[in-house]
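Trainee: Let me give you the structure first, and then I'll get to my questions.
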Amino acid sequence: MRTAFLKSTGQIPISRDGELLTEAQIFSTVEDVLATTQVIDIHTHLFAPAFGKLGLWGIDELLTYHYLEAEFLSSDTRPEEYWPLPKRDQADAIWRALFVENTPVSEATRGIIAVLKAFHLPTDRPDLAEARSFFKAQTLETHIRKVFQMAGVSAVVMTNDPLDPEEAAVWLNGVASDKQFCAVLRLDRILCNWTTHWQVLAGQGYRVDEQASGKSGAEVRRFLVDWYERMQPVYMAVSLPDTFEYPSDTIGNRLLKEAVLPACRDLEVPLSLMIGVRKQVNPSLRLAGDALGRADLRALENLCREFPANRFLVSVLSRENQHELCVYARKFSNLMPFGCWWFMNNPSIVEEITRERIEMLGTSFIPQHSDARVLEQVIYKWNNTRRTLARILADTYRLLSEDGRGVTRGDIQRDVTRLFRSNAEAWTGPRAHLSDASAQTS
Ligand code: RAT
Ligand code: ZN
1 MRTAFLKSTG QIPISRDGEL LTEAQIFSTV EDVLATTQVI DIHTHLFAPA FGKLGLWGID
61 ELLTYHYLEA EFLSSDTRPE EYWPLPKRDQ ADAIWRALFV ENTPVSEATR GIIAVLKAFH
121 LPTDRPDLAE ARSFFKAQTL ETHIRKVFQM AGVSAVVMTN DPLDPEEAAV WLNGVASDKQ
181 FCAVLRLDRI LCNWTTHWQV LAGQGYRVDE QASGKSGAEV RRFLVDWYER MQPVYMAVSL
241 PDTFEYPSDT IGNRLLKEAV LPACRDLEVP LSLMIGVRKQ VNPSLRLAGD ALGRADLRAL
301 ENLCREFPAN RFLVSVLSRE NQHELCVYAR KFSNLMPFGC WWFMNNPSIV EEITRERIEM
361 LGTSFIPQHS DARVLEQVIY KWNNTRRTLA RILADTYRLL SEDGRGVTRG DIQRDVTRLF
421 RSNAEAWTGP RAHLSDASAQ TS
């Protein structure tokens, strides 16, 4: 066993907690720290139990995840035959096609296997009987606690759309805040589809019009402040197309400038921009029908420069945009890159992006979010993230040791805490309850 460089040459290291790790100890220590540090999942589509049926869980929901539907519908079954089926039959069809008649080697199918295994359920049966009876026997609150514990997650951030009638009804009835599920005010319908949705605001008494003219900007800002008070979101968020430009004379940009950015600034919450989606390139696939495109990140540059008092949490969907995002994060302190989103969330690409981010940004980024839509997905998604990060961090610390600075467990813990928790805590709103949940698993 080779000791770390500083120790082996007898030089006196800077005083830090703990012993310097040997090369052989680095990987196991990194793995252990990753396994015992609970993560804050900065972007999901999960819902607290108070939202009832909006919160998805269980085997049928897992199998009908749109990533799997996209895989399934690219084979023999035609979408018009699939969509009318009851959910249970859809799940059966996907199980048969992707897990019985084929080996589940894709990232999304492997995730199902990992979840089944985590609950000690069989992974190779011709039907789903055993899995169904297991999930049927669970009570939601206890199941959520268990799933979060298995995933090493202390809190998740939801995606909350005030213009979704089903969801708005829950908020308007009053919903107690839930430490494990933080809210996010999602703005897609306002910023990307105003002409279809402005009447919802008008119907609630806000003086807005179809062209977002006159007082509309101020009124949307009033709407956002009202919903901020109701939801206590940790940030506001929008997903933007690859064609997004700023500045440019669009309704969305006017509302961004007159309503969203001033509201975020006054309320001291960041705005999350998820850039690069090409909606509905194949509408017959419904939610599975979106694709991606390379964006011109000069729009982001312009926003960061023009609005220095605003903070931007940013994820980009195109692989080709990842490098630019890192460069901009080095130019603008009001920009925090987060996650390897959607089509980027495959181990090979996650590895590439994360290595690049560490090399350019140190620990000043949020490496991953799960984007889970179905509760149990957090188990496999965070397991995969920890597995990939273990390799990357261990390599980084080995290089650092070789270059002359040994590392201790305390150093690794500090870095992982930043990546998994404190960057998210520091970047969310002043009333964020993200930090309430404890950082380490028992
Ligand atoms: O990854 C996904 O599930 C996508 O459908 C989107 O929801 C994306 O994550 C988004 O938040 O827009
Ligand atoms: Zn999402």
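In terms of the numbering used here, the sequence shown has 240 at position 240, counting the first letter as 1, and numbering is strictly consecutive. All C-beta atoms, glycine included, are put in the ideal place defined by N, C-alpha and C.
Taking DSSP's pairing of strands, which residues face Cys182 in a bridge?
Mentor: Paired residues: Val157.
Trainee: How many Å lie between Thr77 and Ser133 at the Cα?
Mentor: Between Thr77 and Ser133, the C-alpha separation is close to 27 Å.
Trainee: Does the ligand RAT have a heavy atom nearer than 7 Å to the CB of Ser106?
Mentor: It does not: the Cβ of Ser106 is nowhere closer than 7 Å to a heavy atom of the ligand RAT.
Trainee: Would you say the beta carbon of Asp443 comes nearer than 7 Å to a heavy atom of the ligand RAT?
Mentor: As displayed, the chain neither begins before 1 nor continues past 442, which places residue 443 out of reach and without an answer.
Trainee: Quick one: Cα of Arg387 to Cα of Glu31, how far?
Mentor: Going from the Cα of Arg387 to the Cα of Glu31 covers about 8 Å.
Trainee: Helix, strand or coil: which one does DSSP assign to Asp41?
Mentor: DSSP places Asp41 in strand when its eight states are reduced to three.
Trainee: Would you be able to state if there are at least three C-beta pairs under 8 Å between the segment 170-182 and the segment 190-199?
Mentor: Counting Cβ pairs under 8 Å, fewer than three are found: no touch.
Trainee: Could you name the residues that DSSP lists as bridge partners for Thr408?
Mentor: In DSSP, Thr408 forms a bridge with Leu20.
Trainee: Select from Leu185, Leu240 and Cys192 the residue whose C-alpha is nearest the C-alpha of Val225.
Mentor: Ranking Leu185, Leu240 and Cys192 by Cα distance to Val225 puts Leu185 first.
Trainee: Please name the residue in Pro367, His323 and Val115 whose C-alpha comes closest to that of Ile392.
Mentor: With distances taken between Cα atoms, Ile392 lies closest to Pro367.
Trainee: Assuming Gly18 and Gly406 make a contact with CB atoms under 8 Å, what is their CB distance in whole Å?
Mentor: With 8 Å as the limit, Gly18 and Gly406 do not qualify as a contact, their Cβ atoms being about 10 Å apart.
Trainee: With DSSP collapsed to three states, give me the class of Pro162.
Mentor: The answer is coil: DSSP assigns Pro162 none of H, G, I, E or B.
Trainee: Given the structure, does Thr159 come close to the ligand ZN, in the sense that its CB is under 7 Å from one of the ligand's heavy atoms?
Mentor: The answer is yes for Thr159.
Trainee: Could I get the ranges of all uninterrupted alpha helix (DSSP H) runs contained in the segment 51-78, with 4 residues as the minimum, in chain order?
Mentor: The segment 51-78 contains these whole alpha helix (DSSP H) runs: 59-63 and 66-73.
Trainee: Does the beta-carbon of His43, which I'm using as the reference point, lie nearer than 7 Å to any heavy atom of the ligand ZN?
Mentor: Yes.
Trainee: When you compare each of Arg373, Leu46 and Gly293 to Tyr65 by their alpha carbons, which one comes out closest?
Mentor: Checking every option, the nearest Cα to that of Tyr65 belongs to Arg373.
Trainee: Classify Phe134 as helix, strand or coil using the three-state DSSP reduction.
Mentor: Helix at Phe134.
Trainee: Does the beta-carbon of His323, which I'm using as the reference point, lie nearer than 7 Å to any heavy atom of the ligand RAT?
Mentor: Not under cutoff, so the answer is no.
Trainee: Determine the direct distance from the alpha carbon of Glu23 to that of Arg418, and round the result to whole angstroms.
Mentor: When rounded, the distance between both Cα atoms is 23 Å.
Trainee: Can you round the beta-carbon distance between Asp60 and Arg88 to whole angstroms, since I take them to be within the 8 Å contact cut?
Mentor: Going by Cβ atoms, the distance from Asp60 to Arg88 rounds to 6 Å, so yes, they are a contact pair.
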